[in-house]
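Engineer: Okay, here's the structure, questions in a sec.
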Amino acid sequence: MRVLIFSDGGYEIGMGHVVRMKLLADAIKTKCSITFYTNKEASSYLSSDKWEVIIKPDKGQKEFIVREINRQAPDLLIFDLLDIPCDWLEEIKKHSSARIVLFEEKREHVIHLCDAVINCIYGGLKSRMVKMGSAVVYEGPEYMILHPGFEKAKQLYQLRKECRTILVSLGGSDPKKLVFKVIEACRRIPDIQRKQVIIVMGGAAPHADDVRALIAQMPYAGLVRQTNDMAELLTKADMAVVSGGITLYETICTGVPCIVLSQVAHQTVTAEKFAGRGAAVHLGLGERMSADVLARHMSELTADYQMRLGLHQNGTPLVDGRGIKRAAAILFEL
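In UniProt numbering, the protein residues as written are 1 to 334.
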């Protein structure tokens with residue numbers, strides 16, 4: 001099957017779209033010939049000998065995409081782009097009979113132009129499948145695309161009574177630079193010297209070197225850059241401070257009690273849903289949160305095993321880590 005995947009990522013828009021598309025491509029590569037179309041900023045992350053990566057032009061993207069579809073004659077088109085223009089799909093359908101799959105799309109008139117929509121984040125925490133015109137919409141965390149390692153990490157994770165290790169992961173690019181606020185909050189936790197703080201930063205975060213220099217005088221803190229094994233790191237954590245994107249789902253799936261600092265407004269919606277189920281502590285937009293208040297919440301959670309246990313027990317049933325298998329099956333069944 002010939003598959004074209006369109007997805008962008010970078011410092012401003014984050015890396016969530018390309019991260020999950022790379023995972024999905026890896027899951028279907030043995031049965032498909034894959035070409036990625038992306039922006040320059042995300043091209044190095046997607047680079048692989050398993051598929052082709054083509055950088056889209058900054059201007060005239062609709063015309064470029066239609067030309068490439070005519071050239072490639074694909075069977076399947078996957079778009080993981082924020083608010084894909086409706087006229088793109090209308091023009092594509094004039095030139096191709098390829099099946100079209102969108103990710104995170106709520107606009108009904110756009111949904112009617114495709115064959116399937118996979119909304120891992122949109123919708124509630126109860127997964128469902130609904131028909132909208134000729135399209136099938138799959139909603140909920142049951143379809144969240146996570147690394148296959150999280151299914152195993154979920155089975156292995158055990159919550160310890162003493163909180164010894166705090167993991168910090170604020171997305172692939174951390175556009176609001178919330179990591180500095182978390183570092184300052186850590187300094188204000190009374191017994192932080194007795195703990196280990198693992199700071200995970202993606203390759204799209206340009207301030208990683210500044211973080212490395214800042215924590216050089218903090219013997220309890222270490223930096224992990226662009227890890228390929230987040231599942232393994234989370235299994236070592238007793239609590240986490242995360243943003244409200246894919247990392248939140250990874251953390252909930254593993255079972256790690258967490259505090260959420262949302263980077264952008266739409267992440268607050270997701271985080272509030274988990275908080276409403278007693279599965280996370282959501283502090284709202286991180287840029288509005290003071291280091292003092294964050295330190296207080298972190299101190300409370302590290303000291304309160306029953307609170308951490310409640311978050312762990314409430315969260316683990318919500319994300320099972322098998323979404324990548326379900327998403328791949330949807331593509332093959334179209």
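Every residue, glycine too, gets a C-beta built ideally from N, C-alpha and C.
Everything numeric in this text was worked out from a predicted model, so none of it was measured.
(1) Would you check if the segment 133 to 148 and the segment 16 to 36 touch, i.e. whether three or more CB-CB distances between them fall below 8 Å?
(2) Where does the unbroken beta strand (DSSP E) through His282 begin, and where does it stop?
(3) Relative to the C-alpha of Pro57, which residue among Lys50, Asp75, Thr38 is closest?
(4) What's the gap between the Cα of Gly140 and the Cα of Gln217?
(5) For Phe103, write down the residues that DSSP places opposite it in a beta bridge.
(6) Around the Cβ of Cys86, are there at least 16 other Cβ atoms within 10 angstroms (buried) or fewer (exposed)?
(7) Nearest-angstrom Cα distance between Gln158 and Gln226?
(8) What span of residues does the alpha helix (DSSP H) with Ser7 cover, start to end?
(9) Around the Cβ of Met201, are there at least 16 other Cβ atoms within 10 angstroms (buried) or fewer (exposed)?
(10) Taking the Cβ atom as the reference point for each residue, do Ile198 and Thr165 lie within a distance shorter than 8 Å?
(11) Since Gln196 sits in a beta bridge, which residues does DSSP pair it with?
(12) Note down the Cα distance separating Lys126 from Tyr11, rounded to an integer number of angstroms.
(13) Mapping the DSSP letters down to three states, classify Tyr11 as helix, strand or coil.
(14) Could you tell me the alpha carbon to alpha carbon distance between Arg326 and Met129, rounded to whole angstroms?
(15) Tell me which residues share the same chain as Glu91 and place their Cβ nearer than 8 Å to its Cβ, disregarding the 5 neighbours each side in the sequence.
(16) Considering Gly222, what are the terminal residues of the beta strand (DSSP E) in which it resides?
(17) Would you list the one or two residues that DSSP bridges to Ile34?
(18) Within the segment 118 to 159, note down every full alpha helix (DSSP H) run reaching 4 residues or more, in order along the chain.
(19) Can the beta-carbon of Ala116 be found closer than 8 Å to that of Ile324?
(20) Quick one: give me the first and last residue of the alpha helix (DSSP H) that Ile65 is part of.
(21) Less than 8 Å separating the beta-carbons of Leu261 and Val281?
(22) What is the rounded straight-line gap between the Cα of Lys94 and the Cα of His109?
(23) Express the C-alpha separation of Val18 and Pro74 in angstroms, rounding to a whole number.
(24) Using the Cβ count rule (16 or more neighbours within 10 Å means buried), how would you classify Asp83?
(25) Taking C-alpha atoms, which residue in Thr251, Ser243, Gly244 lies nearest to Ala237?
(26) Which residues in the same chain have their Cβ closer than 8 Å to the Cβ of His312, if we skip the five residues on either side of it in sequence?
(27) Over the uninterrupted alpha helix (DSSP H) stretch that includes Met239, give me the two end residues.
(28) I'd like to know if the segment 259 to 278 and the segment 237 to 249 are in contact, where contact means that at least 3 CB-CB pairs between them fall below 8 Å.
(29) From the DSSP output, which residues share a beta bridge with Val53?
(30) With 16 as the cutoff for other CB atoms within 10 Å, does Phe332 come out buried or exposed?
(31) Buried or exposed for Leu81, please, with buried defined as at least 16 other CB atoms from any protein chain shown within 10 angstroms of its CB.
(32) Please report the straight-line C-alpha distance between Leu77 and Met1, rounded to a whole angstrom.
(33) Taking Cβ to Cβ, would you say Glu104 is nearer than 8 Å to Ile111?
(34) According to DSSP, Leu76 sits in a beta bridge with which residue or residues?
Structural biologist: Per the coordinate set shown:
(1) A contact exists between the segment 16 to 36 and the segment 133 to 148.
(2) 281 to 285 is the extent of the beta strand (DSSP E) around His282.
(3) Of the candidates Lys50, Asp75, Thr38, the one whose C-alpha sits nearest the C-alpha of Pro57 is Thr38.
(4) The C-alpha of Gly140 lies about 43 Å from the C-alpha of Gln217.
(5) Beta-bridge pairing links Phe103 to Ile118.
(6) Exposed, since its Cβ has fewer than 16 Cβ neighbours within 10 Å.
(7) If you take the alpha carbons of Gln158 and Gln226, they lie about 25 Å apart.
(8) Annotation for Ser7: no alpha helix (DSSP H) segment contains it, though the beta strand (DSSP E) segment containing it runs 2 to 7.
(9) It counts as buried.
(10) Thr165 is positioned such that its CB atom lies closer than 8 Å to that of Ile198.
(11) According to DSSP, residue pairing for Gln196 in a beta bridge involves Thr165.
(12) Near 31 Å, if we compare the C-alpha coordinates of Tyr11 and Lys126.
(13) Of the three classes helix, strand and coil, the one that applies to Tyr11 here is coil, per DSSP.
(14) Taking the straight line joining both Cα atoms gives about 12 Å.
(15) Cβ within range, chain order: Lys62, Val66.
(16) Its beta strand (DSSP E) spans residues 221 to 225.
(17) Paired residue(s): Val3.
(18) For the segment 118 to 159, whole alpha helix (DSSP H) runs of length 4 or above, ordered along the chain, are 149 to 156.
(19) Taking 8 Å as the Cβ cut-off, Ala116 and Ile324 do not qualify as a contacting pair.
(20) Per DSSP, Ile65 belongs to the alpha helix (DSSP H) from 61 to 72.
(21) Against a cut-off of 8 Å, the Cβ pair of Val281 and Leu261 comes out as no contact.
(22) So the alpha carbons of these two residues sit roughly 17 Å apart.
(23) If you take the alpha carbons of Pro74 and Val18, they lie about 20 Å apart.
(24) Classification of Asp83: exposed, given that the 10 Å Cβ count is below 16.
(25) Of the candidates Thr251, Ser243, Gly244, the one whose C-alpha sits nearest the C-alpha of Ala237 is Thr251.
(26) Leu159, Gly255, Val256, Pro257, listed in sequence order.
(27) First-last for Met239: 239 to 242, but that is the beta strand (DSSP E), not the alpha helix (DSSP H).
(28) At 8 Å Cβ cutoff, the stretches touch.
(29) Looking at the DSSP assignment, Val53 forms a beta bridge with Phe36.
(30) The residue in question, Phe332, is exposed, as its Cβ has fewer than 16 Cβ neighbours within 10 Å.
(31) It is buried - the Cβ of Leu81 has at least 16 other Cβ atoms within 10 Å.
(32) CA-to-CA, the gap between Leu77 and Met1 works out to about 11 Å.
(33) No, the Cβ-Cβ distance between Glu104 and Ile111 is not below 8 Å.
(34) According to DSSP, which records beta bridges pairwise, Leu76 is partnered with Val3, Arg99.
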